[in-house]
Amino acid sequence: MKFAIIGAAIKVPGATDIDLFRAELDRGATHFETVSRERALASGLNAEDIGHANYVGVASPLAGAEDFDREFFRMSAAEARWTDPQQRLLLTLTHQALESGGIATGDARIGSYVTVSESSYLRGRVDRVSTARVDYQSLIGNDRDFAAARLAYRFGFTGPALTIQSACSSSLVALHQACAGLAFGDADIAVVGAASLSFPQPHGYIYETGGIMSPTGSSRPFDAESDGTVRGSGGGVVVLRRLEDALAQGDPILAVVAGSAINNDGAQRMAFSAPAVSGQVDVLTAALRRAAVSPDDIGYLEAHGTGTQLGDPIEFRALTRAYADTGGRTAPCHLGSAKANLGHLDAAAGMIGLLKTILTLDSGRIFPQPGYRAPNPAIPLDDSIFTIATESVPSPDLRYAAVSSFGMGGTNAHVILERAPRLGVSRAGGGDRGVQITLSARSEAALRGYRTRLAAYLRDHIDLNPADIAATLDARTRHPEATWTTHIDSVTELVDLLHEDTANREPSGPADRDPDGISNSGSAPAARQTRVVAGEPGAHSQAHRIWLPPAPLAETFHGLPLRLDDPARVSSNSENDADASAGAAAAGAPGGLADTTTSSRADAAPESEQVATVSGRAASVAVPGGVEADVRELFLRLAGEELGAGIDERTDFFAAGGESIALVAIVGKVTDRIPFAVDFGALDGITTVGELGRALAGQATAAGTRDGLLAFGSGEPMIHLFPPAGGTNYCYAALSRVVPEIGLAAFRAPHPAGGSIEEIAAACVDDLRRAGAIDDRLVLGGYSFGGNVAFEIARQLQEGAGVSARNVIMFDSFAPDAFGGLRVDSDQLATEVEGRLRTATAALPGYRSAADTDRSGAVVLDSFREIWLANTRALDRYRPAGRIASPITVLRARQPLSAPRARALGIDLGATMSWQRHTRGSVRIIDVPGDHYTLFTDPAHVAVAAKVFAQTLRSVHSVDREEATAS
0 MKFAIIGAAI
10 KVPGATDIDL
20 FRAELDRGAT
30 HFETVSRERA
40 LASGLNAEDI
50 GHANYVGVAS
60 PLAGAEDFDR
70 EFFRMSAAEA
80 RWTDPQQRLL
90 LTLTHQALES
100 GGIATGDARI
110 GSYVTVSESS
120 YLRGRVDRVS
130 TARVDYQSLI
140 GNDRDFAAAR
150 LAYRFGFTGP
160 ALTIQSACSS
170 SLVALHQACA
180 GLAFGDADIA
190 VVGAASLSFP
200 QPHGYIYETG
210 GIMSPTGSSR
220 PFDAESDGTV
230 RGSGGGVVVL
240 RRLEDALAQG
250 DPILAVVAGS
260 AINNDGAQRM
270 AFSAPAVSGQ
280 VDVLTAALRR
290 AAVSPDDIGY
300 LEAHGTGTQL
310 GDPIEFRALT
320 RAYADTGGRT
330 APCHLGSAKA
340 NLGHLDAAAG
350 MIGLLKTILT
360 LDSGRIFPQP
370 GYRAPNPAIP
380 LDDSIFTIAT
390 ESVPSPDLRY
400 AAVSSFGMGG
410 TNAHVILERA
420 PRLGVSRAGG
430 GDRGVQITLS
440 ARSEAALRGY
450 RTRLAAYLRD
460 HIDLNPADIA
470 ATLDARTRHP
480 EATWTTHIDS
490 VTELVDLLHE
500 DTANREPSGP
510 ADRDPDGISN
520 SGSAPAARQT
530 RVVAGEPGAH
540 SQAHRIWLPP
550 APLAETFHGL
560 PLRLDDPARV
570 SSNSENDADA
580 SAGAAAAGAP
590 GGLADTTTSS
600 RADAAPESEQ
610 VATVSGRAAS
620 VAVPGGVEAD
630 VRELFLRLAG
640 EELGAGIDER
650 TDFFAAGGES
660 IALVAIVGKV
670 TDRIPFAVDF
680 GALDGITTVG
690 ELGRALAGQA
700 TAAGTRDGLL
710 AFGSGEPMIH
720 LFPPAGGTNY
730 CYAALSRVVP
740 EIGLAAFRAP
750 HPAGGSIEEI
760 AAACVDDLRR
770 AGAIDDRLVL
780 GGYSFGGNVA
790 FEIARQLQEG
800 AGVSARNVIM
810 FDSFAPDAFG
820 GLRVDSDQLA
830 TEVEGRLRTA
840 TAALPGYRSA
850 ADTDRSGAVV
860 LDSFREIWLA
870 NTRALDRYRP
880 AGRIASPITV
890 LRARQPLSAP
900 RARALGIDLG
910 ATMSWQRHTR
920 GSVRIIDVPG
930 DHYTLFTDPA
940 HVAVAAKVFA
950 QTLRSVHSVD
960 REEATAS
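Going letter by letter, the sequence shown gives residues 0 to 966 in our numbering.
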């Protein structure tokens with residue numbers, strides 16, 4: 000099976016896209032610079048290291064290494080600062096790789112296979128770190144284990160999410176694993192990424208005799224004067240699809256993976272860190288065999304090429320054995336290594352070599368090897384099939400090339416690439432009316448920069464079809480912040496217009512933004528939209544999508560200070576005293592949080608405003624002065640530090656990028672300084688910063704209340720919803736943000752958990768009775784487990800009160816018949832819930848009792864696990880005692896639960912929608928985007944589900960109104 004590379008992105012010194020990288024390679028550019036003592040000291044390197052006799056003041060730093068567009072990826076200011084820039088770079092490059100060719104992902108199952116170097120971001124910055132408390136923010140933000148899962152979460156990928164670590168060969172091993180995942184059907188599309196950044200940047204290094212680092216600060220693979228390498232910086236991402244699928248989808252194919260292989264040297268080597276000829280020969284021949292390609296067909300080979308006196312000769316011996324001349328070769332095989340240009344990028348080295356080889360095949364040109372003059376005496380280059388180019392060499396007939404990457408520790412990888420199939424010229428052209436071109440970017444400045452970049456690219460590719468350009472741009476994310484539209488008949492005309500003044504730019508209006516002020520297309524990369532050009536339908540139906548430079552994001556600096564006293568007390572304004580009084584004015588606090596309590600603004604939230612409840616009860620109201628005011632002001636300040644500038648009390652913590660685990664951490668910091676027991680259950684459903692602060696302030700002096708129904712939206716509740724198995728109602732808060740005009744009420748989950756569904760429903764009936772909500776207009780509902788509870792509430796009301804619910808509306812709730820295969824002690828269940836927690840798809844804080852005095856995040860997560868397990872077991876035991884008369888509507892996730900996950904939960908996939916057995920009324924099933932989890936975690940899926948939900952609810956109540964009018 001062959002695999003198409005359909006998207007690619009890179010950021011290395013001198014290049015921010017693959018076309019700029021091609022230009023740098025073609026001119027033989029190198030990117031090593033001398034780092035002065037003053038610059039090294041300013042970057043954070045200590046004077047003792049700089050004064051060492053073996054210190055080499057040479058580096059290959061990446062400009063803007065700590066820049067990031069956090070708003071686009073829906074990350075809070077604190078989360079962005081505490082996330083390793085390597086992992087932030089992977090996010091950016093993944094977006095660019097998908098955008099570059101306008102790749103339509105649709106409902107495809109996408110896997111992420113990534114690698115990053117060991118994180119050095121926090122190293123040397125932290126003097127004093129508590130060993131008793133787990134710092135989840137820095138752990139999740141910097142540990143390599145979360146790199147692939149972070150991509151999956153931020154983009155909504157539902158395929159495998161694997162972080163691969165095999166030292167220098169990691170990125171090619173990741174590519175091999177991605178191909179295996181595509182072949183086995185684990186994924187339809189695979190994102191393979193690698194990043195390597197060392198901090199502080201820039202700085203030199205101390206070389207060791209016989210080591211890999213160069214004492215002269217150079218990188219000259221296979222050269223007579225080679226003496227090691229220099230540490231490189233940057234990263235790259237490629238996107239793969241099965242070749243037949245890519246051709247069917249009309250994807251822009253950059254190259255084809257014809258075959259790959261991985262292995263390990265085992266024990267047959269001089270030392271653990273030493274390479275072995277036999278292991279390298281085996282992996283080279285295995286890849287050739289798998290690709291069904293003769294060594295004679297390979298015209299270019301991108302070597303590992305570390306430039307060391309030991310490694311290069313060993314690699315060359317392996318190459319001459321595996322690529323021995325069989326008599327069919329008509330031209331020499333060119334040998335090269337990108338380490339000559341950029342140094343050694345550690346875990347990302349193979350990715351950079353792969354991208355160079357893709358460009359070699361695509362351009363039909365062998366790039367020169369900078370710094371090469373004569374072969375290493377231990378390398379008999381003249382007696383081999385290999386040659387090394389010292390200038391750019393045209394190679395139009397080049398069809399196959401290969402890439403090697405060998406890791407310290409003996410894990411080897413070799414990949415055979417084939418030139419992309421040549422597609423015919425697009426028949427769709429500008430026509431008499433031309434085509435419409437629309438560009439967009441995250442800011443005015445980014446749009447201006449992109450116009451300049453695109454004009455430069457098109458000037459060098461003037462023969463492109465205008466319709467292909469339009470089709471590609473229309474398939475990309477449309478950013479409402481800044482757009483520019485024109486009509487053209489030719490690429491030459493487009494180049495001229497791109498250079499003109501931006502006066503014709505069409506500004507985006509407020510309709511392009513969501514109620515939270517976050518752009519719809521930029522709020523989450525998972526919401527990438529395929530746009531259709533204005534004009535006749537199918538205007539670009541015969542056009543090809545092609546590679547074009549991606550539009551830049553609105554990146555700004557998000558870095559931590561060079562030295563930190565305590566990672567839990569770093570703010571966006573580091574000169575603030577972290578130990579300042581908790582009652583300090585919030586207006587002067589880091590993050591720019593406005594103190595609306597003392598503000599003269601007419602629309603400021605009054606101090607007496609209470610947390611809304613249907614039953615009229617609320618947590619204690621904070622009053623100025625004393626412990627309550629201190630708690631509230633401290634929470635507001637810490638929330639401002641987490642979310643960044645521009646927030647106020649009305650800011651929705653979660654919509655602004657706050658994560659549940661960050662909320663847990665903030666509450667922990669509050670109770671560290673002002674001790675009191677926190678009841679997280681009483682915070683359920685509260686999402687705005689001001690309301691959270693007031694609720695916590697009330698708990699500081701009183702236990703608060705767990706009674707009553709939560710209210711969302713405006714007006715009387717049109718439906719009463721029970722929470723899912725995790726016990727929290729934040730999913731309904733997400734619904735309300737999309738359709739705030741709909742009044743919703745939500746039950747609080749019982750605490751402690753452990754009751755049967757019948758017992759839970761009986762308590763809910765009591766809540767409804769106290770609220771005076773039991774009548775024939777009642778609509779019930781719930782998500783997942785909550786839908787089953789809603790059904791049981793309807794059954795008990797019908798049997799005990801003689802009232803039939805108007806409708807029971809469920810979000811992907813499975814019928815009771817689907818459950819029953821779960822063992823009470825099931826290890827599979829524990830694995831399932833741990834996976835949900837650790838990948839943050841549940842993403843909501845758990846419950847704790849008011850008596851619990853341990854405030855660590857681990858306790859909250861363990862408590863969430865307890866509730867989830869108890870409710871899932873209750874669902875497994877639930878067998879309804881009768882049918883209901885009410886209609887049932889199920890908003891079913893379009894992507895079904897996977898077979899392995901269903902087995903872990905004891906679910907019969909064939910019975911999930913067998914609700915008709917349990918009602919005498921009708922059953923309506925409406926498919927909505929996403930799977931059982933992304934239905935409420937992917938903003939794009941939530942938006943669709945909320946609108947369908949609102950339409951359904953209005954329809955149910957319109958029937959009610961029509962009957963009242965008729966009577």
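We treat Cβ as the ideally placed atom computed from N, Cα and C, and that holds for glycine.
A quick note: this is a predicted structure, and the numbers were derived from the prediction, not measured.
- Following the DSSP letters along the chain, one finds E417 in no alpha helix (DSSP H) but inside the beta strand (DSSP E) bounded by residues 410–418.
- Within the model, the alpha-carbon separation for R143 versus A346 is close to 12 angstroms.
- Collapsing the DSSP output to three states places H719 in a strand.
- A direct Cα-Cα distance of roughly 18 angstroms separates R289 from R320.
- Three or more beta-carbon pairs separated by less than 8 angstroms are not found between the segment 384–393 and the segment 439–452, which leaves the two stretches without contact.
- In the three-state reduction of the DSSP assignment, F154 falls in the helix class.
- Straight through space, the alpha carbons of S111 and H940 are spaced by roughly 20 angstroms.
- Shown here for P749: same chain residues with a beta carbon closer than 7 angstroms to its own, the five before and five after excluded, namely I759, A762 in chain order.
- In this structure E23 is buried. Its beta-carbon is surrounded by 16 or more other beta-carbon atoms within 10 angstroms.
- Distance from the CA atom of A377 to the CA atom of P312, rounded to whole angstroms, is 6 angstroms.
- Using a 10 angstroms sphere on the CB of T33, the tally of other CB atoms stays under 16, which defines it as exposed.
- If you check the CB distance, S259 and I461 do not come in under 8 angstroms.
- A160 is bridged by DSSP to S111.
- Rounded to whole angstroms, the gap between the alpha carbons of I866 and G725 is 6 angstroms.
- Judged by DSSP secondary structure, C178 falls outside any beta strand (DSSP E) and instead within the alpha helix (DSSP H) spanning 169–183.
- In this structure, V256 keeps its C-beta atom at 8 angstroms or more from the C-beta atom of S59.
- Around the CB of A323, fewer than 16 other CB atoms lie within 10 Å, so the residue is classed as exposed.
- The segment 654–718 contains, as complete alpha helix (DSSP H) runs of 4+ residues, the segments 659–672, 688–700 (chain order).
- In the structure shown, R421 falls within a coil segment according to DSSP collapsed to helix, strand and coil.
- Between V237 and I487, the CB-CB gap reaches or exceeds 8 angstroms.
- DSSP, reduced to helix, strand and coil, places G370 outside both helices and strands of the structure shown, so it counts as coil.
- If you draw a straight line from the Cα of H917 to the Cα of R149, it is about 40 angstroms long.
- At the C-beta level, P374 and F156 stay beyond 8 angstroms of one another.
- Each residue's CA atom was taken as its position, placing S921 and S885 some 8 angstroms apart.
- The segment 170–184 makes no contact with the segment 93–100; the number of CB pairs closer than 8 angstroms stays below 3.
- According to the DSSP assignment, F784 belongs to the alpha helix (DSSP H) that extends over 784–799.
- In the three-state reduction of the DSSP assignment, L196 falls in the coil class.
- Between N411 and Q308, the C-beta spacing is not below 8 angstroms.
- Secondary structure in the segment 459–493: the beta strand (DSSP E) runs of 3 residues or longer, each lying completely within the stretch, are 481–487 in chain order.
- DSSP places N375 in no alpha helix (DSSP H); its state is neither H nor E.
- The segment 466–484 makes contact with the segment 541–554; the number of CB pairs closer than 8 angstroms reaches 3 or more.
- Under the 10 Å beta carbon count, T325 is surrounded by fewer than 16 other beta carbons and is classified as exposed.
- Under the DSSP assignment, I5 falls in the beta strand (DSSP E) whose first and last residues are 2–10.
- For G227, the closest of G233, R219, C167 by C-alpha to C-alpha distance is R219.
- For R458, the CB contacts under 8 angstroms within the same chain, skipping 5 residues up- and downstream, are V494 in chain order.
- For S118, same chain residues with a beta-carbon under 8 angstroms away, outside a window of 5 residues either side, are D83, Q85, N141, D142, R143 in chain order.
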